[in-house]
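Trainee: In our numbering, the protein residues as written are 6 to 248.
Here a beta-carbon is modelled for each residue, glycine too, at the ideal position from N, C-alpha and C.
I am attaching a structure below and will ask some questions about it afterwards.
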């Protein structure tokens with residue numbers, strides 16, 4: 006039912022988008038990129054920058070009342086999202102090199118990015134734990150190969166792209182932000198709008214994530230992302246009407 010509704014919304018937007026003024030599309034895109042960056046750094050509960058402050062930071066490039074690390078996380082995400090957008094627009098394939106480049110931008114000025122972890126990590130309170138660091142290289146090779154040979158629809162592919170990174174946890178930090186960016190790469194590559202997961206959707210998101218890690222059941226995440234896509238299309242169409 007939701008999949009049919011989503012395809013109807015997607016088709017409607019594709020039919021009208023060419024008639025929308027360029028400045029309207031640019032504003033919608035910029036607003037999304039800022040909200041997405043804010044959501045991405047906020048959802049794990051370690052960054053206290055507000056959405057209003059995110060807009061200010063995007064223009065002024067500095068905030069006096071937030072830590073340097075918090076500000077770099079948000080500004081880096083804006084740059085990383087731009088990198089993903091460019092990759093989609095230039096029809097670049099998703100490769101390990103591109104994935105590492107995205108991660109390097111996310112962590113720029115915070116810690117060394119783009120390098121697979123050389124230590125084991127444990128996730129507090131989680132049943133599933135990431136693989137031993139010596140297995141990361143091999144797991145990532147298999148993950149990339151499965152992306153190339155994936156049998157399923159575009160949303161399932163995008164969800165798997167996210168879930169695979171989250172399960173392997175290939176980097177010391179920034180895995181969640183990276184996973185959501187790679188998911189959006191695949192959504193946009195297949196002509197869907199990118200989506201953002203806000204803090205009020207945190208519980209449903211992490212429940213779907215944990216279920217996949219424990220049981221390999223991808224359906225809850227697919228259903229969750231489908232519902233977010235429908236919401237995003239509704240918001241986009243509403244923004245066009247209000248412009």
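Go through its chain and collect everything with a Cβ distance to residue 207's Cβ below 7 Å, but skip five positions before and after it.
Mentor: As a first step, residue 207 is located in the chain shown; it is residue number 202 there, counting from the start. Excluding positions up to five away in sequence, the list reads 48.
Trainee: Near residue 223, what residues of its chain come up, given a Cβ to Cβ distance below 8 Å and the 5 sequence neighbours on each side ignored?
Mentor: By 1-based counting over the chain shown, the position of residue 223 is 218. Here the set comprises 161, 164, 165, 168, 217.
Trainee: If you draw a straight line from the C-alpha of residue 2 to the C-alpha of residue 93, how long is it?
Mentor: Outside the shown range of the chain, which is 6 to 248, sits residue 2, and nothing can be said about it.
Trainee: If you draw a straight line from the alpha carbon of residue 156 to that of residue 225, how long is it in whole angstroms?
Mentor: For the purposes of this step, residue 156 is identified with residue 151 of the chain shown, where counting begins at 1. For the purposes of this step, residue 225 is identified with residue 220 of the chain shown, where counting begins at 1. When rounded, the distance between both Cα atoms is 18 Å.
Trainee: Would you report the Cα separation of residue 159 and residue 113, rounded to the nearest angstrom?
Mentor: Taking the chain shown and counting its residues from 1, one reaches residue 159 at position 154. Taking the chain shown and counting its residues from 1, one reaches residue 113 at position 108. Each residue's alpha carbon lies about 30 Å from the other.
Trainee: So what's residue 225 in DSSP terms, helix, strand or just coil?
Mentor: Residue numbering aside, residue 225 sits at position 220 when the chain shown is read from its first letter. Three-state DSSP puts residue 225 in a helix.
Trainee: Would you check if there are 3 or more beta carbon pairs closer than 8 Å linking the region 103-110 to the region 76-91?
Mentor: As far as the Cβ criterion goes, the region 103-110 touches the region 76-91, which means the pair count is three or higher.
Trainee: In three-state terms, what does DSSP make of residue 178?
Mentor: Taking the chain shown and counting its residues from 1, one reaches residue 178 at position 173. Of the three classes helix, strand and coil, the one that applies to residue 178 here is coil, per DSSP.
Trainee: Is residue 45 buried or exposed, if buried means 16 or more other CB atoms sit within 10 Å of its CB?
Mentor: As a working note, residue 45 is residue 40 in the chain shown. So residue 45 counts as buried.
Trainee: Using alpha carbons as the reference points, say which of 115, 23, 209, 37 lies closest to residue 2.
Mentor: Here the chain has residues from 6 to 248 only, and residue 2 is not among them.
Trainee: On the three-pair Cβ rule with 8 Å, is the region 61-80 touching the region 228-242?
Mentor: Segments in contact, no.
Trainee: Report the rounded CA-to-CA distance for residue 195 versus residue 227, giving the unit in angstroms.
Mentor: For this step, residue 195 is matched to residue 190 along the chain shown. For this step, residue 227 is matched to residue 222 along the chain shown. Cα to Cα, residue 195 sits roughly 15 Å from residue 227.
Trainee: Whose C-alpha, out of 18, 211, 221, is nearest the C-alpha of residue 244?
Mentor: Indexing the chain shown from 1 puts residue 244 at position 239. When only C-alpha atoms are compared, the closest one is 18.
Trainee: Grab me the residues of residue 97's own chain with a C-beta within less than 7 Å of its C-beta, minus the 5 sequence neighbours each way, in chain order.
Mentor: Along the chain shown, read from residue 1 onward, the residue named residue 97 stands at position 92. Excluding sequence neighbours, residue 97 sits near 103.
Trainee: Going by CA-CA distance only, name the one from 54, 25, 201 that's closest to residue 181.
Mentor: Residue mapping note: residue 181 aligns to position 176 of the chain shown, counting from 1. Answer by Cα proximity: 201.
Trainee: Considering only C-alpha positions, which residue in the set 170, 40, 7 is nearest to residue 59?
Mentor: As a position in the chain shown, residue 59 is number 54, starting the count at 1. If we check each option's Cα against that of residue 59, 40 comes out closest.
Trainee: Can you give me the C-alpha to C-alpha distance between residue 124 and residue 137, rounded to a whole angstrom?
Mentor: Within the chain shown, numbered from 1, the residue matching residue 124 stands at position 119. Within the chain shown, numbered from 1, the residue matching residue 137 stands at position 132. Approximately 8 Å, taken between the alpha carbons.
Trainee: Where does residue 155 sit, in a helix, a strand or coil, going by DSSP?
Mentor: Here residue 155 refers to the residue found at position 150 of the chain shown. The answer is coil: DSSP assigns residue 155 none of H, G, I, E or B.
Trainee: Quick check: what's the CA-CA separation for residue 52 versus residue 231?
Mentor: Taking the first residue of the chain shown as 1, we reach residue 52 at position 47. Taking the first residue of the chain shown as 1, we reach residue 231 at position 226. Straight-line Cα distance between these residues: approximately 27 Å.
Trainee: Please look up how many angstroms separate the CB atoms of residue 229 and residue 248, rounded, as I've assumed it's under 8 Å.
Mentor: Translated into the one-based positions of the chain shown, residue 229 becomes position 224. Translated into the one-based positions of the chain shown, residue 248 becomes position 243. Going by Cβ atoms, the distance from residue 229 to residue 248 rounds to 29 Å, so no, they are not a contact pair.
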